[in-house]
Every structure is written in C-alpha cells, then in structure tokens.
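Numbering (this note's numbering), first residue to last: 1072 to 1317.
Here it is in structure tokens:
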C-alpha cells in the first residue's frame, strides 16, 4: 500500500538520477491495486489542479518519480476515505511540505466531546464546476450535453459535479476513440443502476437505523459491496471476452 508522501509534487530529482522515473501508464498500473477505478484522465485532472507536478521530457511526456506516486496515492486516499475537497487536500499537503504540523482535516464531522450540538451535514465528495469538468476532459458543451442526455453524467442539484464525473467523462471519451458512441453506453449505465439498486436494497435497513454507529456501518458496507460488484462486473466482462487484464 502507498504510504503518506515524504516529499511534494515535482520533487523527483533523486529518482531521475537513479532511473526510477515512470510513465503515466506505469503509474496507473501501480495505483490500480489500491485504486481500481483510477484513470489516466483522473491523474491528468489532479495535475491540472496542482496536486501533482510530474516532470516533462523534451517531447512533452510526463515522467513521475516515486515521490510523485506517493503523493498521488495520498491524494486519492484522502478523497476516497475522508471525502475531502481538492482545495483542502492541496492545503494539507502544502502544510506538510513546509514542515508544519498538519493533522488530517475533517469536513462536516462532529468533533469528539461536542455533545448536544445540532447534527452537522455529512461530508461530501469533492466537487467541480461545469467549466472545470470540460477543461479536465477536453470536451465541449455539446458533447457534455449529449452524455447527460443519455444519463452517463448528471450534475448535482446545485449544478456542479462530483469528482467521479471526471473519471466517467474520461472513460466515455477513451471509448469513443474506438468507435463506441455514448448512445451505445446506455445499456452499461442501466446495468450500473441495477447493481447500485441491489446494493441499496441490502444496506437500506442499516441506513434507516436510529443508532448513528449503525448508520455509519451502512456507509462502510456500501463501499465494501460497491468494490465487490465492480470486481465481479470486471471479471464477468473479462470472462465473456476471453481476456485477462493486467
């Protein structure tokens, strides 16, 4: 498992001297054991947001040091486990680089010992605006409108998107390069909705429980079941195609 980075973004000089610089594809393979849903588009988006600063070859290819990969893993872990927005993650990492005491920040969580306070809003995943999403994936308004019309991407009620929309959009774009159009992906979206419905059915009694610890357990169980369904789906597709992905 990747550990908390000891260095910041772009600090890859020592790694470069020892020939340990990695391409973005290699980084993707390193991260996928812990983060199976990470994509090249997601890594590029995090770079555009200033979370990582890989070196560039004279021809423009990204080269990542081990410190870059450690930092990237830390960013993804803070998003996944603590629902922290990218701005908060960046400030936390910058404080660590300055050598400051930087306890892991929390978002929307009640502090220990705060008894009798009004319940606070549950933590939310990182969000991005429409313009940020378009820039991160490199698409236009018309393409995003089309993808939304097929239900592949949907804005939140306040008009912004969760960070996972970048992953979805990147994958839709990459599939399009193979001639798979968004309209062809409606069946996959419908299957994903059915899988999500099955998970919701299992955890619904826990979510409705009056005990806060039981409701918190429902969130953990949802993540566990989501991971299992994703792995099963991947295994079934590989079996159907007769291939084995690395």
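Quick reminder that beta carbons are idealized off the backbone N, C-alpha and C, glycines included.
Query                                                                                                              : Result
Close Cβ partners of residue 1291 (< 8 Å) along its chain, the five nearest in sequence each way excluded          : none
Identity of the residue in 1140, 1230 and 1239 nearest residue 1221 by Cα                                          : 1239
Local Cβ density within 10 Å of residue 1150, reported as buried at 16 or more and exposed below that              : buried
Any 3 or more C-beta pairs closer than 8 Å across the stretch 1302-1311 and the stretch 1268-1282                  : no
DSSP beta-bridge partners of residue 1249                                                                          : DSSP output for residue 1249 lists no bridge partner at all.
Straight-line gap, residue 1315 to residue 1210 (C-alpha atoms, nearest Å)                                         : 31 Å
Length of the line joining the Cα atoms of residue 1123 and residue 1252                                           : 32 Å
Residue 1210 - DSSP class collapsed to helix/strand/coil                                                           : coil
Buried or exposed (CB count within 10 angstroms, at least 16 for buried), residue 1229                             : exposed
C-beta contact flag for residue 1136 and residue 1125 at 9 Å                                                       : yes
Endpoints, alpha helix (DSSP H) assigned at residue 1308                                                           : 1283-1312
Residue 1132, buried or exposed, once every other Cβ within 10 Å from all chains shown has been counted against 16 : exposed
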